[in-house]
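Undergrad: Quick one: the structure is below, questions incoming.
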Amino acid sequence: MTVGSSQEVLDGLNDRQREAVSVLDGPVLVVAGAGSGKTRVLTRRVVYLLEQGVSPSEILAITFTNKAAREMAERVHELVSVEASQSLWISTFHSACSRILRVHPEIGRLRSGFTIYDADDARRLLERTIRTLELDTKRFPARAVMAKISSAKANLRGPREMASDAVGAYDRLVATVYQAYEDALIANNAVDFDNLVNLVVSGLREHTGVREYYQRRFRYLLVDEYQDTNRAQNELISTLAEPEKNIFVVGDSDQSIYGFRGADLGNIIGFSERLPSTRTIALEQNYRSTNAILELANTLITRNALRHEKTLWSELGQGELPLYFVAQDDRQEAEFVVSQLMALLAEGHSLRDVAVIYRTNAQSRVLEEELSKGGIPYRVVGGVRFYDRREIRDILAYLRILVNPDDDVALSRIINTPHRGIGSGTQEQLATSARTRNVSMLHALELFSADELGLSSRAAKALTHFVELVAYLRQQVQDGVPAPVVVDEVISRTEYVDLINEEDPLTAEGRLENLAELRRVAAEADSLEAFLEQTALFSAIDADLDQSSMTLMTVHMAKGLEFPIVFVVGLEEGIFPHLRSLTSADQIEEERRLLYVAVTRAKERLMISSARRRSFQGNVIYNPESRFISELPDGVYRRLESLEYSPVPTPEHRQPRRQEPAPYRVGDRVFHVRYGEGEVRAIRERSVDREVVVYFDAAGERVFFGSMAKLKLV
DNA sequence: AGACAGCCAATTTTT
DNA sequence: TTGGCTGTCT
């Protein structure tokens with residue numbers, strides 16, 4: 200094996216990290232504070248195990264995100280031979296389970312070629328199930344019912360358990376829906392994300408041979424972000440680790456922010472009690488933030504009862520005291536961000552050093568408006584994801600039906616896309632007939648005549664064309680035509696390009712580019728099946744972080760990232776903590792952890808803010824300051840009362856901007872790179888800067904900050 | 001089949 | 001304020 204000496208593997212690690220890397224056997228819990236180098240520990244440990252003679256095929260390292268898996272794999276690959284890295288399993292829970300189910304689909308009552316449904320597919324299937332049971336979709340909204348089902352699944356409770364737990368008629372009905380939904384998944388030869396894990400858990404329980412095989416195979420388990428595991432996931436790794444208990448988990452109770460999705464803090468908190476021989480190692484040295492930031496974080500989180508006690512410290516100096524600004528309203532809060540930003544830019548910071556973090560997506564709007572005014576480039580993380588785009592989902596649905604003809608969800612998506620005269624009535628009739636015959640919709644069309652299915656002759660004609668199209672495409676796949684070519688075939692045979700062009704010429708170009716991108720991804724896959732697997736499990740395409748723009752995102756999206764400068768906005772009761780979390784102590788603790796995660800993203804400068812008044816769901820609301828602020832002692836932050844007292848900009852920075860006369864007047868014609876030509880409608884002097892209102896010929900009215908707007912007189 | 005008004009609900013979302 | 005869905009009209 201081409202690995203360095205043990206010496207090298209432990210190089211540059213602190214004592215605790217070194218200990219964590221080199222404990223060989225038995226259960227290990229690494230309590231890894233924010234920024235304490237846990238990824239490093241995890242990768243080094245994999246290498247260390249290999250050096251100690253553990254075979255690469257005996258190691259299973261599990262993460263939650265593809266990104267984390269990829270990072271870990273890349274770092275391991277740098278240190279070990281190609282052969283070794285190829286037989287290592289470094290993957291997400293879902294990929295690992297999918298891999299197991301592809302080999303043993305029968306343990307999950309599946310057949311080969313099964314489809315993985317993402318949240319949207321699953322919701323569609325559930326909604327159809329609810330309608331089939333003739334329940335009112337108002338009283339049983341798919342979203343809410345799915346939340347209940349998903350939470351049951353996270354806790355390994357099946358429909359029967361849900362029914363026996365049910366207190367009222369409503370919950371009993373939900374249990375009925377749950378059962379019907381599970382049946383529908385099997386009928387569609389499909390799994391949702393939850394079932395990827397749960398079917399492996401139940402499959403291993405029921406099939407001793409398969410269980411023992413994987414238990415023997417995976418002698419060393421490593422789990423990242425252990426605090427985010429739910430019961431099902433925990434059961435999976437416990438089962439696999441059962442014989443030898445070489446289970447190494449890394450996590451931080453204070454960063455558990457997915458409780459609402461079923462993550463069970465009890466997994467990490469109770470780990471050493473369940474496995475009494477556990478060696479617990481706490482990583483408290485932080486390599487990211489200054490101590491001023493860590494002190495705020497530390498004091499904040501000590502209020503939580505449910506946690507592993509620890510105190511972060513760093514060698515990065517005291518640093519500047521976090522700043523807290525109380526704005527009059529959400530707009531002024533956004534102005535605060537912009538004005539601080541300008542000062543920071545003047546100090547020589549780059550926009551990519553800066554992130555604005557908020558609790559809910561809706562909060563980005565005002566920020567975006569103010570940033571646009573100032574002509575400040577930004578990107579919002581977590582918008583519509585690549586594989587969520589309609590054109591992408593449509594083409595993928597065509598591909599899915601070729602691999603899994605039982606996939607009614609995919610079929611329903613494309614049967615009338617593009618329009619081919621198969622309306623909702625026809626689809627309804629087809630679905631019903633197929634159901635009574637216990638076959639999928641596509642099979643129904645292939646096996647029975649239009650008469651038998653109760654379809655009109657006009658509908659039958661349109662359907663025949665559709666079935667022929669699918670048959671043609673399927674023949675292509677059987678002939679071994681490569682995935683990107685199949686993609687081309689789908690696009691050309693369906694005249695999808697025309698559909699895009701007709702629908703909205705303005706967005707057509709971008710959507711066509713998306714299809715081209717899809718084709719490129721397909722070209723990299725080994726097979727059509729592999730391509731579909733990848734699209735199902737790897738939903739996001741990495742955003743380009745090196746762009747020179749600042750970042751806006753929710754706390755959840757920010758987890759695992761770091762920025763020199765961080766703004767956390769909206770520190771008000773009802774926003775952060777969120778209104779919906781005010782009811783229970785557990786939820787408040789989770790909100791507090793959210794803020795903890797947010798502030799520990801900051802390396803050098805932390806700015807937090809609240810607004811006395813803000814618009815919220817179309818109304819103006821007045822919220823008291825967040826309890827998380829009130830809980831903090833005065834010493835850990837500096838309170839800023841008004842924008843005028845902005846501490847960072849020196850008078851030289853501020854004065855010229857305010858005194859300089861505006862280079863244009865109301866009525867002048869101006870040019871902007873993005874919006875073209877327009878007329879200046881108003882110039883308003885404001886506290887921080889002046890606002891310039893321009894009415895663009897093409898883009899309508901826009902408001903800019905005078906000092907930042909790149910407007911040229913024409 | 002498609003367009004449009006009216007109604008309702010509204011965290012967070014690694015896979 | 002926004003978006004999604006439903007029902008009605010053309």
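The opening residue of the first sequence carries number 200 in my numbering; numbering runs sequentially from there.
We put the CB at the ideal spot given by N, CA and C, even for glycine.
(1) In the DSSP assignment, find the alpha helix (DSSP H) that holds F392 and state where it starts and stops.
(2) Considering only DSSP beta bridges, list what N818 is partnered with.
(3) Classify T479: buried if its beta carbon has 16 or more other beta carbons within 10 angstroms, exposed otherwise.
(4) Under 8 Å by Cβ, that's how I've got V246 and V275 pegged, so tell me the actual separation to the nearest angstrom.
(5) By Cβ distance, which residues of its chain are closer than 6 Å to L550, with the 5 residues on each side in sequence left out?
(6) Quick check on the DSSP output: the alpha helix (DSSP H) that includes T510 runs from which residue to which?
(7) Residues in its own chain within less than 8 Å of N490 by CB, not counting five upstream and five downstream?
(8) Contact between the region 710 to 726 and the region 543 to 559: three or more CB pairs below 8 Å?
(9) Reducing DSSP to helix, strand and coil, say where A368 ends up.
(10) Assuming M752 and A554 make a contact with CB atoms under 8 Å, what is their CB distance in whole Å?
(11) Let me check understanding here. Comparing Cα to Cα, which of L334, T663, V220, E590 lies closest to I446?
(12) In the structure shown, what three-state DSSP assignment does T782 receive?
(13) Excluding sequence positions up to five away, which residues of its chain have a Cβ less than 8 Å from the Cβ of T336?
(14) My understanding is that V390 touches F313, with C-beta atoms under 8 Å, so please give their C-beta distance in whole angstroms.
(15) Alpha carbon to alpha carbon, how far is E789 from A496?
(16) By a C-beta neighbour count over all protein chains shown, 10 Å radius and 16 as the cutoff for buried, is F417 buried or exposed?
(17) Does the beta-carbon distance from G450 to I467 come in below 8 Å?
(18) Using only CA atoms, which one of M640, A295, D587 lies nearest to T734?
(19) I need the DSSP call for T477, collapsed to helix, strand or coil.
(20) Can you give me the Cβ contacts of A341 inside the same chain, cut-off strictly under 7 Å, excluding the 5 residues immediately before and after it?
(21) Residues in the same chain with beta-carbon distance under 6 Å from V222, minus the five sequence neighbours each way, listed in chain order, please.
(22) Give the range of the beta strand (DSSP E) segment to which A440 is assigned.
(23) Quick check: the region 413 to 429 against the region 261 to 275, are there 3 or more CB pairs under 8 Å?
(24) Buried or exposed: which applies to A231, given that a residue is buried once 16 or more other Cβ atoms fall within 10 Å of its Cβ?
(25) In this structure, does DSSP put Q527 in helix, strand or coil?
(26) Give the secondary structure of V689 by DSSP, where H, G and I count as helix, E and B as strand, and everything else as coil.
(27) From this set, L439, Q626, A670, D370, which residue's C-alpha is nearest A649's C-alpha?
(28) Would I594 and I699 be called neighbours here (beta carbons separated by less than 8 Å)?
(29) Mind checking whether F665 and R599 have CB atoms under 8 Å apart?
(30) According to DSSP, simplified to helix, strand and coil, what is R868?
(31) Can you find the residues in the same chain that come closer than 6 Å, C-beta to C-beta, to R837, ignoring five residues on each side of it along the sequence?
(32) Are the CB atoms of L543 and I575 within a distance shorter than 8 Å?
(33) Please report the Cβ distance between L717 and V686, rounded to the nearest whole angstrom; I am assuming they are in contact, meaning their Cβ atoms lie under 8 Å.
(34) What's the call for E771, buried or exposed, on a 16-neighbour Cβ count within 10 Å?
(35) Quick one: Cα of E608 to Cα of N387, how far?
(36) I need the straight-line Cα distance from Q858 to Q531, nearest angstrom please.
TA: Taking the definition as stated:
(1) 392 to 405
(2) In the DSSP output, where bridge partners are listed per residue, N818 has F815.
(3) exposed
(4) 6 Å
(5) S747, S748, M749
(6) Run containing T510: none; DSSP gives neither H nor E here.
(7) The answer, listed in chain order, is W512, S513, L515, G516, Q517, G518.
(8) no
(9) helix
(10) Confirmed, about 7 Å.
(11) V220
(12) coil
(13) E326, I329, R330
(14) Your pair V390 and F313 checks out as a contact, with CB atoms roughly 6 Å apart and the cut at 8 Å.
(15) The alpha-carbon atoms of E789 and A496 are separated by roughly 14 Å.
(16) buried
(17) yes
(18) D587
(19) coil
(20) R322, L325, E326, I329
(21) R478
(22) A440 -> not in any beta strand (DSSP E); alpha helix (DSSP H) instead, spanning 430 to 440.
(23) yes
(24) Looking at its Cβ environment, which holds 16 or more other Cβ atoms inside 10 Å, A231 is buried.
(25) strand
(26) helix
(27) Q626
(28) no
(29) Cβ distance not < 8 Å, so F665 and R599 don't count as in contact.
(30) For R868, the secondary structure class from DSSP, reduced to helix, strand or coil, is strand.
(31) Cβ neighbours of R837 beyond the five flanking positions: L520, L522.
(32) no
(33) 6 Å
(34) Flag for E771 reads buried.
(35) The question names Glu, but residue 608 in the sequence shown is Val. One C-alpha to the other measures close to 8 Å.
(36) At Q858 the pLDDT is 42, less than 50, meaning the model places this residue with poor confidence and gives no usable figure here.
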